[in-house]
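Novice:
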Amino acid sequence: MTFEHECFRILVESLTILERGFDRLPDLAPEVDLAAMRAVLAETAERLRDNDPYHHPLYIGQMLKPPHPIARAAYALAMCLNPNNHALDGGRATSAMEKEAVAQLALMFGWETHLGHLTGGGTMANFEALWVGRELRPGKAIAASAQAHYTHSRLSEVLAVPFRKIPVDPLGRLDPVELETILREGEVGTVVVTLGTTAAGAVDPLPDVLALRERYDFQIHVDAAYGGYFRIASNLVPLAREAFDRIGEVDSIVIDPHKHGLQPYGCGCVLFRDPTVGRFYRHDSPYTYFSSSELHLGEISLECSRAGASAAALWATIRLLPPEPGGVFARGLESCREAALALYAALEADDRFAPLFPPALDIVAWAVRAGSATESSARARRIFEAAARLDLHLALATFPHSMIAPVDPVSDWDADRIVCLRACAMKPEHREWMPEILKRLDAAADA
Ligand SMILES: Cc1ncc(COP(=O)(O)O)c(C=O)c1O
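For the sequence shown, the working numbering assigns the number 29 to the initial residue and increments by one for each residue that follows.
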């Protein structure tokens, strides 16, 4: 069996409990043509088979992680009502659940008070943080590293704010010396620090950026969309540990429960340390906000309608697996790190490959040794395809000369970038599956 079936039986039990809450209402027998539905659902299942096996440990490619069964079940349960967390009128219980779940994430970063909410994903969450940054320092630029997610330069365009790209060091981390050179010009209002870059999982040197904030006037936004939960992992390297330990000192944080938080898409989250930034969201809504004087989440969110089911799923997951150091959830993240470290060690011992650097979190990137940069890229693509034919799903990512040259994979640099292989070891099961993954990689490399 590929998927957990028993949880769907538990879902039916909880559905009965939910229904009892509405017993007083006249009966309603929804008109559903079950035979037709069965046929269409079977067709849907057939169509969905045209996917890579994202849920399986042999999928170690892109940043994809299956939701926990409780998240799936809670989402489906809430969806029967389909609450809308825009306003209390449309989603009373799930708004309360959202506030509790978001407070728990804020607490994970050491914030007893905060302003925050769930979003459709990391892009929207970063958008809100950058927008608030613009409102706080109008006319000033946004700066982010060359390895930051592409969303930051694109969102700067949307916000009509200048964007400054900061070069990275060979480990793919924002270079604080280069940042200071730009800060001296006095034009930067927000610095984006990425704790867990998308391509290589690098952790920017937050302590250095905090030190610069003592001397220059800017605010710090942390994009921890992918890496945020590693705050509670116990097996980080010192550079990452130091950055995550000081995350509470920044102005805003983005973390995506739909990446490492075991949630279905779309579930991002934006958090602000200073709750008074809520003033920027002020607007009049003649249609909503009638039910009480309590805060409606739509009053502090740019999106209007949002899935209450996302909040129910996250709340239930946090109830079952609190994001606390030493807990089951934290141990899962630690297993991901162990898997990534095992992969790195095996690649380093293999003279066909040149891993870029030891993983800071659970992403590993490696070049294929070859005579030239072009040949290395071509070999990486061939291995990627051969591995997929063996049901091992990797990813590809392009890295610049500056990040690859230290491991010297080619003698002829006939291109200034190389396409590398990349693996996101985001499932705790990757640790146990690593021997099988390596066996298939070995076969793919020789194919
Ligand atoms: C560091 C980082 N920021 C932002 C994003 C964008 O998030 P989303 O895809 O949820 O919009 C990603 C996605 O991979 C990411 O890794």
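C-beta atoms are modelled at their ideal positions from N, C-alpha and C, and glycine is treated no differently.
Is the beta carbon of A337 sitting closer than 8 Å to the one on A131?
Specialist: Taking the first residue of the sequence shown as 1, we reach residue 337 at position 309. Taking the first residue of the sequence shown as 1, we reach residue 131 at position 103. Not closer than 8 Å, so no.
Novice: So, helix, strand or coil for L371, using DSSP?
Specialist: Here residue 371 is taken as the residue at index 343 of the sequence shown, counted from 1. Three-state result, L371: helix.
Novice: Just how far apart, CA to CA, sit I38 and R162?
Specialist: By 1-based counting over the sequence shown, the position of residue 38 is 10. By 1-based counting over the sequence shown, the position of residue 162 is 134. Each residue's Cα considered, the two are about 47 Å apart.
Novice: Can you tell me which of the three DSSP states Y87 falls into?
Specialist: Against the sequence shown, residue 87 aligns to sequence position 59. Y87: strand per DSSP, three-state reduction.
Novice: Quick check: what's the CA-CA separation for L330 versus G148?
Specialist: Looking up residue 330 in the sequence shown gives position 302. Looking up residue 148 in the sequence shown gives position 120. Approximately 11 Å, taken between the alpha carbons.
Novice: Between P434, G200 and L164, which lies nearest to F246 when the distance is taken from Cα to Cα?
Specialist: Position 218 of the sequence shown, counting from 1, holds the residue named residue 246. Measuring from the Cα of F246, the nearest candidate turns out to be L164.
Novice: Would you mind stating whether A374 and L466 have Cβ atoms separated by less than 8 Å?
Specialist: On the sequence shown, residue 374 is found 346 positions in, with the first residue counted as 1. On the sequence shown, residue 466 is found 438 positions in, with the first residue counted as 1. Yes. Within cutoff.
Novice: What residue range does the beta strand (DSSP E) around R450 cover?
Specialist: Numbered from 1 along the sequence shown, position 422 holds the residue referred to as residue 450. Looking at the DSSP string, the run of the beta strand (DSSP E) that includes R450 is R445 to C452.
Novice: Contact check, L234 vs L211 under 8 Å by CB: the rounded distance?
Specialist: Locating residue 234 in the sequence shown gives position 206, where the first residue counts as 1. Locating residue 211 in the sequence shown gives position 183, where the first residue counts as 1. About 15 Å separates the two Cβ atoms, so there is no contact after all.
Novice: Just mark C108 as buried or exposed, buried being the case when its beta carbon has 16 or more other beta carbons within 10 Å.
Specialist: The residue you call residue 108 lines up with position 80 of the sequence shown. Answer is exposed; the Cβ neighbour count stays below 16.
Novice: Which residue spans inside the region 368-427 form an unbroken alpha helix (DSSP H) run of at least 4?
Specialist: 401-417
Novice: Measuring alpha carbon to alpha carbon, tell me which residue in R450, S430, K455 and A408 is nearest A473.
Specialist: Locating residue 473 in the sequence shown gives position 445, counting from the first residue. When only C-alpha atoms are compared, the closest one is A408.
Novice: So, with DSSP's three-state summary, where would you put R37?
Specialist: Walking along the sequence shown from the start, residue 37 turns up at place 9. Of the three classes helix, strand and coil, the one that applies to R37 here is helix, per DSSP.
Novice: Decide yes or no for the touch test of the region 450-458 against the region 61-79: beta carbon pairs closer than 8 Å, at least 3 of them.
Specialist: Short answer: they don't touch.
Novice: State whether the region 188-204 contacts the region 247-264, with contact taken as three or more CB pairs (one from each stretch) at a distance under 8 Å.
Specialist: no
Novice: Cβ of A253 versus every heavy atom of ligand 1: is any distance shorter than 7 Å?
Specialist: Counting from one through the sequence shown, the residue named residue 253 turns up at place 225. Short note on A253: C-beta closer than 7 Å to some heavy atom of ligand 1.
Novice: Counting C-beta neighbours from all protein chains within 10 Å, is the total for L469 16 or more, i.e. buried, or is it exposed?
Specialist: The sequence position of residue 469 within the sequence shown is 441, counting from 1. Buried, by the Cβ-count rule.
Novice: Throw me the rounded Cβ distance for the L116 and S123 pair, which I believe falls under 8 Å.
Specialist: Position 88 of the sequence shown, counted from the first residue, corresponds to residue 116. Position 95 of the sequence shown, counted from the first residue, corresponds to residue 123. Rounded, the Cβ-Cβ distance is 6 Å, consistent with contact.
Novice: Using the beta-carbon count (16 or more within 10 Å), is A227 buried or exposed?
Specialist: Counting from 1 along the sequence shown, the entry for residue 227 is found at position 199. Its Cβ being crowded by 16 or more others within 10 Å, A227 is buried.
Novice: Relative to ligand 1, is the shortest distance from any of its heavy atoms to the C-beta of D440 smaller than 7 Å?
Specialist: By one-based count along the sequence shown, residue 440 stands at place 412. It does not: the Cβ of D440 is nowhere closer than 7 Å to a heavy atom of ligand 1.
Novice: Taking all protein chains shown into account, decide if H33 is buried (16 or more other Cβ within 10 angstroms of its Cβ) or exposed.
Specialist: For the purposes of this step, residue 33 is identified with residue 5 of the sequence shown, where counting begins at 1. Label assigned to H33: exposed.
Novice: For C297, which residues does DSSP report across the bridge?
Specialist: Along the sequence shown, one-based indexing puts residue 297 at 269. The bridge partners DSSP lists for C297 are L146 and I283.
Novice: Under 6 Å Cβ to Cβ from D419, same chain only, skipping five residues before and after it: list those, please.
Specialist: Position 391 of the sequence shown, counted from the first residue, corresponds to residue 419. Cβ neighbours of D419 beyond the five flanking positions: L86.
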